[in-house]
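Some notes on the structure that comes next.
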């Protein structure tokens, strides 16, 4: 039996090496929170292997039985390893979707939830296949249609084992990664652009979290229960990753209601409590100066149209320009700075127009070359058509007309009518830059069809010159195309 003992010791040294190496790098081995439990499991492994090998005399049986024992024991370890973490078991046929990277587990994809007590909103859970073998971990919310927002797949966990089931470490890693990516994109750039999106939800693998940087100010937009639950951790991670003097928290109240969460919008976060209330402050985009307002729309500034504004500036020399739904004047200012002979900005919001006027002054734009009008854009276009007014270039960037698919049909009619009127206001051979910020419209793929229908209605022929989305800092996960929302189309109108 000496040769058996020798072989056993040799084989055990191999398994010991494997346990300390490969298995330690797996998703499940990092779910142990108790050091003594790890030791006990390791000793159980050792005893089981020794006993089994001593009982087998024939070498080939030793090898086969050892392999089978290892496989069985490894499966047992997977189960025991995350015994303290609830398991969300997927229905048959649903596993591959999430192995492929889709970050959202819808409630309809779940077969059962295993765990006592049952997990509550914000708890960390394992996502498993039907055999309860883990494929990912994420944040659970039984009250939301997005039952689990996946934080790491098993492959990602092998690359970053320190982040497994550790929100503090994961957030720090993801936000640091987002900072590095923006630096690759040249953001921020001194005296050129200091307003940009730092974290774009699923695009940066943090579903439900948006972080915009406006100079030294940071605005955090929350649209998931887990973001609210881990608010303090998120704030610390952001503060460690970038320099900021003010951090404002902007929960998406209506979306959070769908998450089963009521939030107090009176709360605000600041690294310096004395700065809880901030007046308008200056930011720079592509060399253009803007006053941003944290009391304004979205997170205070529409950074997603950065590249399209720059393009407009490059093509407006000597042209007359009409900017419809101009908000704080982004397109109108760039048109004027690009050499437009005259620019008009139209919006229904008086505060937005005050910002636009202040921005024009800030950039020393001749008051005679630009003016802003408070009006409903539909009524303004009807009036302009009745007066026979025409422009070389028209920009149409309406607010979100289709917040969800339920109202998409009604919104489609509105988009068609607005674009039809806009086309009739353009001189023959002029340009239309038309936009949709409605995710439901963009994801439907029908926006170009709507534009074509509008052209037929206006008795115009259009040629597509450019089709674009948001600026590249508004990252998109290819496994989750539902994250796309903005469409910007440049057309020649004849």
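Numbering (the numbering used here), first residue to last: 222 to 715.
Even glycine gets a Cβ: it sits at the ideal position worked out from N, Cα and C.
Beta-carbon spacing of residue i, residue j below 8 angstroms
{"i": "residue 707", "j": "residue 690", "result": "yes"}
{"i": "residue 701", "j": "residue 324", "result": "yes"}
{"i": "residue 550", "j": "residue 577", "result": "yes"}
{"i": "residue 356", "j": "residue 375", "result": "yes"}
{"i": "residue 458", "j": "residue 354", "result": "no"}
{"i": "residue 435", "j": "residue 504", "result": "yes"}
{"i": "residue 306", "j": "residue 345", "result": "yes"}
{"i": "residue 623", "j": "residue 644", "result": "no"}
{"i": "residue 475", "j": "residue 704", "result": "no"}
{"i": "residue 711", "j": "residue 543", "result": "no"}
{"i": "residue 586", "j": "residue 558", "result": "yes"}
{"i": "residue 321", "j": "residue 370", "result": "no"}
{"i": "residue 388", "j": "residue 533", "result": "no"}
{"i": "residue 658", "j": "residue 621", "result": "yes"}
{"i": "residue 641", "j": "residue 588", "result": "no"}
{"i": "residue 439", "j": "residue 467", "result": "yes"}
{"i": "residue 453", "j": "residue 425", "result": "no"}
{"i": "residue 416", "j": "residue 506", "result": "yes"}
Pairwise C-alpha distance: residue j and residue i
{"i": "residue 362", "j": "residue 662", "result": "27 angstroms"}
{"i": "residue 261", "j": "residue 365", "result": "In this prediction, residue 261 scores a pLDDT of 46, lower than 50, which makes its location untrustworthy; the coordinate-derived value is nonetheless stated afterwards. If I take the Cα positions, the gap works out to 39 angstroms."}
{"i": "residue 407", "j": "residue 539", "result": "31 angstroms"}
{"i": "residue 602", "j": "residue 664", "result": "28 angstroms"}
{"i": "residue 529", "j": "residue 634", "result": "25 angstroms"}
{"i": "residue 448", "j": "residue 338", "result": "22 angstroms"}
{"i": "residue 469", "j": "residue 526", "result": "22 angstroms"}
{"i": "residue 403", "j": "residue 574", "result": "31 angstroms"}
{"i": "residue 187", "j": "residue 311", "result": "Only positions 222 to 715 of the chain appear in the structure, and residue 187 is not among them; the question remains open."}
{"i": "residue 368", "j": "residue 327", "result": "5 angstroms"}
{"i": "residue 606", "j": "residue 600", "result": "10 angstroms"}
{"i": "residue 315", "j": "residue 331", "result": "9 angstroms"}
{"i": "residue 298", "j": "residue 352", "result": "Here residue 298 scores only 27 on pLDDT, less than 50, and its place in the model is too uncertain to base an answer on."}
{"i": "residue 514", "j": "residue 442", "result": "15 angstroms"}
{"i": "residue 630", "j": "residue 401", "result": "41 angstroms"}
{"i": "residue 579", "j": "residue 319", "result": "49 angstroms"}
{"i": "residue 333", "j": "residue 681", "result": "56 angstroms"}
{"i": "residue 608", "j": "residue 648", "result": "14 angstroms"}
{"i": "residue 431", "j": "residue 512", "result": "21 angstroms"}
Coil, strand or helix - residue i by DSSP
{"i": "residue 665", "result": "helix"}
{"i": "residue 353", "result": "coil"}
{"i": "residue 560", "result": "coil"}
{"i": "residue 506", "result": "strand"}
{"i": "residue 471", "result": "strand"}
{"i": "residue 376", "result": "helix"}
{"i": "residue 573", "result": "helix"}
{"i": "residue 308", "result": "strand"}
{"i": "residue 250", "result": "Here residue 250 scores only 42 on pLDDT, less than 50, and its place in the model should not be relied on; the value that follows carries that caveat. In the structure shown, residue 250 sits in a helix (DSSP, three-state: H, G or I)."}
{"i": "residue 514", "result": "coil"}
{"i": "residue 607", "result": "helix"}
{"i": "residue 338", "result": "coil"}
{"i": "residue 651", "result": "strand"}
{"i": "residue 683", "result": "strand"}
{"i": "residue 698", "result": "coil"}
{"i": "residue 394", "result": "helix"}
{"i": "residue 410", "result": "strand"}
{"i": "residue 583", "result": "helix"}
{"i": "residue 549", "result": "coil"}
Residues of its chain near residue i, where Cβ-Cβ distance is below 7 angstroms and the 5 sequence neighbours each way are ignored
{"i": "residue 464", "result": "437"}
{"i": "residue 713", "result": "650, 652, 683, 684, 686"}
{"i": "residue 372", "result": "358, 359, 360, 391"}
{"i": "residue 563", "result": "541, 590"}
{"i": "residue 592", "result": "565"}
{"i": "residue 571", "result": "595"}
{"i": "residue 350", "result": "311, 316, 356"}
6 angstroms CB neighbourhood of residue i in its chain, flanking five on each side removed
{"i": "residue 446", "result": "342, 343, 362, 480, 482"}
{"i": "residue 418", "result": "433, 524, 694, 695"}
{"i": "residue 444", "result": "429, 473, 476"}
Residue i - partner residues in DSSP beta bridges
{"i": "residue 417", "result": "434"}
{"i": "residue 367", "result": "327"}
{"i": "residue 656", "result": "709"}
{"i": "residue 566", "result": "544, 593"}
{"i": "residue 524", "result": "DSSP lists no partner for residue 524."}
{"i": "residue 688", "result": "710"}
{"i": "residue 346", "result": "359"}
{"i": "residue 442", "result": "431, 471"}
{"i": "residue 447", "result": "In DSSP, residue 447 forms no bridge with anything."}
{"i": "residue 614", "result": "542, 652"}
{"i": "residue 631", "result": "BP columns for residue 631 are empty, so no partner."}
{"i": "residue 333", "result": "310"}
{"i": "residue 641", "result": "Partner(s): none; residue 641 has no beta bridge."}
Other residues of its chain near residue i: CB distance less than 8 angstroms, five sequence neighbours each side excluded
{"i": "residue 255", "result": "Any reading at residue 255 must be qualified, since the residue scores a pLDDT of 42, below 50, and its modelled position is unreliable; the value itself is stated next. Answer for residue 255: no residue qualifies."}
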